[in-house]
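Sequential numbering from 889 applies to the sequence shown in the numbering used here. Where a beta carbon is used, it is the ideal one built from N, C-alpha and C, also for glycine.
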Amino acid sequence: MIAAIGAVSENGMIGLDGWLPWDIPEELAYFEATVAGAALVIGRLTYESMVFVPPESVIVTSRTDLFLKPGCLAVDSVKKALLIASATGKDVFVIGGATLYAAAWPYCQRFYLTRIERSFHGDSRFPDDIPLAQWAIISDEKKTYLERKTGQSVVCRFMQYQQPRPRALPGIDC
Ligand SMILES: NC(=O)c1ccc[n+]([C@@H]2O[C@H](COP(=O)([O-])OP(=O)(O)OC[C@H]3O[C@@H](n4cnc5c(N)ncnc54)[C@H](OP(=O)(O)O)[C@@H]3O)[C@@H](O)[C@H]2O)c1
889 MIAAIGAVSE
899 NGMIGLDGWL
909 PWDIPEELAY
919 FEATVAGAAL
929 VIGRLTYESM
939 VFVPPESVIV
949 TSRTDLFLKP
959 GCLAVDSVKK
969 ALLIASATGK
979 DVFVIGGATL
989 YAAAWPYCQR
999 FYLTRIERSF
1009 HGDSRFPDDI
1019 PLAQWAIISD
1029 EKKTYLERKT
1039 GQSVVCRFMQ
1049 YQQPRPRALP
1059 GIDC
């Protein structure tokens, strides 16, 4: 399965200063548990923001001199990254950022999207043109957590969308 995973605020933000606009440890824990054991496809900026990057992660970059953490691989296109990650035989998760979601969504069977039901200041937006409204909602669960930066409670809506007809990668069945 090829899936994407991310979290977005009410006003469409996903990032601030190279990290997340919010501090919600439980949401981060959900992300980590969901992608555990999968092959990850990661944009270069998101990769550089991560302390731990699991082996068999594929980084998308045009740079040829990127420092690679153990077991990671760099490629210069999203399609190549998806093919290499799929070839591991593991589930594949596209974990962002915005440029990766924008390029990879046609190939994704699922989008695990946490909707954080509050506006946050940010500098990186979730792409507007992913047609999630036309995808089936297969899971939708609300939980309330403390957001550490504001000290206020926030509702996180854990949603899973399924794309009706994801685009096939050459040689890969959807
Ligand atoms: N809320 C969430 O769930 C979530 C998830 C992930 C990330 N984020 C946040 O999102 C922000 C980063 O997102 P972003 O969109 O700015 O950056 P990004 O997608 O992480 O990385 C962008 C970089 O990826 C490479 N790239 C992307 N498409 C490419 C292509 N088709 N061919 C070759 N290289 C390609 C380029 O690297 P080069 O410049 O090296 O060529 C580009 O500069 C951060 O704030 C991060 O914390 C949030």
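Proximity test, residue 904 beta-carbon vs ligand 1 heavy atom, cut-off 8 angstroms: The residue you call residue 904 lines up with position 16 of the sequence shown. Yes, the Cβ of residue 904 comes within 8 angstroms of a heavy atom of ligand 1.
Within its chain, find whatever has a CB closer than 6 angstroms to the CB of residue 912; leave out the 5 residues flanking it on each side and keep chain order. Within the sequence shown, numbered from 1, the residue matching residue 912 stands at position 24. So the list reads 1033, 1035, once near-sequence residues are dropped.
Which residue or residues does DSSP assign as beta-bridge partners of residue 1012? Translated into the one-based positions of the sequence shown, residue 1012 becomes position 124. DSSP lists 903 as partners of residue 1012.
Quick check on residue 1050: does DSSP put it in helix, strand or coil? Start at 1 with the first residue of the sequence shown, and residue 1050 comes out as number 162. Residue 1050 falls in the strand class under three-state DSSP.
Where residue 1027 falls: helix, strand or coil (DSSP): Your numbering for residue 1027 matches position 139 in the sequence shown. Correct three-state label for residue 1027: strand.
What are the boundary residues of the beta strand (DSSP E) that residue 998 is part of? The count along the sequence shown starts at 1 and reaches residue 998 at position 110. 998–1004 is the extent of the beta strand (DSSP E) around residue 998.
Across which residues does DSSP place residue 1040 in a beta bridge pair? Along the sequence shown, one-based indexing puts residue 1040 at 152. 1035, per the DSSP bridge assignment.
Just list the residues that DSSP pairs residue 931 with in beta bridges. Here residue 931 is taken as the residue at index 43 of the sequence shown, counted from 1. BP columns for residue 931 point to 948.
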